[in-house]
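If you read the sequence shown in the numbering used here, its first letter stands for residue 2, the second for the next number, and so on.
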Amino acid sequence: MAEAKTTTFGKLLIKLGDGADPEVFAQPCGMTSKSLSFSKNTGETLVVDCDDEDQVTWLERNAESLSASVSGDGVLAATSIQPWWEAFASTQAINCELSIQYATGTMKWTGPFHLTSFEISGEKSGDPKVKSSIQMDSAGAIENEWIAA
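Dropping the structure here:
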C-alpha cells in the first residue's frame, strides 16, 4: 500500500500582494484556521427525448462562471492589522498568492481578490486575546501552476 503524501497547516499559505512592481507577497501572521474554496456556477437546460417526449427529461448543465474564496480566523497579530485593514479599505482588488506546499512540489494560485469581510473580536473571560476573521472573494481570473520540488 502506498501512503498518501500529505502536508501540514503551516504549508497552506495566504499571502497579500503589496501592489509594487515587481509585486511582493507576504502572509499576515496569526491565522489559526485557513480555508480555500473554489466553486463553479452552472446553467441548466432540460433536454427532451425527441422520440418519446413523455420520458423523464435529463438535465444538462453547462459551466457559466468560476469563483474562488478564502477564509480564515485566529489571533490578530500586531503586524497583521495594517495589511488586513489596507486590503479591506481598498476599493480595488488586491493580488493574492495562495499555495499548498508538499515535499513533492507546490500548488500555487495567483489572482485578484477583494477582502469582503474583516471582523475583529475579543472576550473578557476565557481567552482574552483579540481575534480576527477574514473573508476574501476572487475578482477575476485565478492563475494556477504546479511547481515540482
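Just so you know, even glycine gets a beta-carbon here, dropped at the ideal spot from N, CA and C.
For residue i, which residues from the same chain have a beta carbon less than 7 Å from its beta carbon, with the 5 sequence-adjacent residues on both sides left out?
i   : result
W59 : V48
Going by C-alpha distance, which of the options is nearest residue i?
i    : options               : result
V131 : F114, L77, A88, A94   : L77
E65  : C51, T46, D52, G75    : T46
W147 : K125, Q56, G123, A104 : A104
G112 : S122, E124, M137      : M137
T9   : C30, G18, Q102        : Q102
A80  : N145, K109, S133, E24 : A quick correction: the sequence has Thr, not Ala, at residue 80. Minimum Cα distance to T80 is reached at S133.
M108 : Q56, A149, K16        : A149
M44  : C51, R62, E124, D22   : The sequence shown places Gly at residue 44, not Met. Out of C51, R62, E124, D22, R62 has the C-alpha closest to the C-alpha of G44.
Tell me which same chain residues have a C-beta within less than 6 Å of the C-beta of residue i, skipping the five on either side of it?
i   : result
S36 : S72
For my contact list, residue i and residue j are in at a C-beta cut-off of 8 Å; report their separation, rounded to the angstrom.
i    : j    : result
I143 : A69  : 5 Å
A94  : G141 : 7 Å
D74  : S34  : 5 Å
Count the other C-beta atoms from every protein chain shown that fall within 10 angstroms of the C-beta of residue i, then say buried if there are 16 or more, exposed otherwise.
i    : result
G11  : exposed
S100 : buried
C97  : buried
M2   : exposed
P129 : exposed
G31  : buried
TODO: Decide yes or no for the touch test of the region 111 to 118 against the region 80 to 96: beta carbon pairs closer than 8 Å, at least 3 of them.
DONE: yes
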